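Below: the structure, in structure tokens.
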Amino acid sequence: MNILKATKRTTASTGQINKLRSDGFIPAILYGGKKNNICISLKKLHLRDIIKTETFMSKVVDLDIDGNLEKVLPKDITYDPVSDEPNHIDFIRIVKGSSLVLEIPVKFINHDKSPGLKKGGVLNTVRRK
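So for the sequence shown, our numbering puts the first residue at 126; every next one is plus one.
Here it is in structure tokens:
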């Protein structure tokens with residue numbers, strides 16, 4: 126399980142958030158679980174490789190917020206339209222006994238070995254949300 130270190134942030138003005146981003150941090154928010162929302166920031170350097178994995182959005186993460194551990198799940202990531210760098214991350218608390226709806230990545234392998242596809246068949250994937 127991954128442990129991400131985060132720090133609380135008290136300011137939410139656009140100028141200060143842009144300064145955070147230029148200093149190498151990603152602003153984020155933690156919500157859910159009948160607790161107050163917490164504005165946090167994470168180092169972009171620690172997240173760069175983790176975000177690129179295809180299982181990041183469906184994997185439970187331990188978030189260390191100034192020494193307090195919270196089990197969370199990434200809910201949404203917004204990206205800069207020009208640089209494609211992450212702009213903001215939403216995390217949701219995992220509460221014992223509650224249910225979650227997740228999108229799980231499915232990867233199809235060995236297309237070249239499938240007898241049906243070799244004979245001109247088509248792999249039709251149906252996803253319902």
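Virtual Cβ for every residue (Gly too), placed ideally from N, Cα, C. Predicted, not measured: the structure shown is a model, and the values here were computed from it.
Which value, in whole angstroms, describes the spacing of the CA atoms of residue i and residue j?
i	j	result
Asn193	Ile214	19 Å
Pro199	Ile217	6 Å
Val251	Lys238	21 Å
Val197	Ile128	10 Å
Asp148	Ile142	10 Å
Would you give the residue range spanned by the beta strand (DSSP E) that residue i belongs to?
i	result
Pro152	Phe150 to Tyr156
Ile128	Asn127 to Lys133
If you drop the 5 nearest sequence neighbours on each side, which residues of the same chain put their C-beta closer than 6 Å to that of residue i?
i	result
Val220	Gly158
Lys243	none
Thr135	none
Between which residues of its own chain and residue i is the CB-CB distance below 7 Å, once the five residues before and five after are set aside?
i	result
Ser166	Ala131, Thr132, Arg134, Leu145, Phe150, Ile151, Pro152 and Ala153
In the DSSP output, which residue or residues are listed as bridge partners for residue i?
i	result
Glu195	Leu188
Check for me: the alpha helix (DSSP H) holding residue i runs from which residue to which?
i	result
Asp174	Lys169 to Ile176
Leu227	Run containing Leu227: none; DSSP gives neither H nor E here.
Thr180	Per DSSP, Thr180 belongs to no alpha helix (DSSP H) and is neither H nor E.
Below 8 Å, can you find three or more Cβ-Cβ pairs linking the region 173-190 to the region 225-232? Cβ pair count under 8 Å is three or more, so yes.
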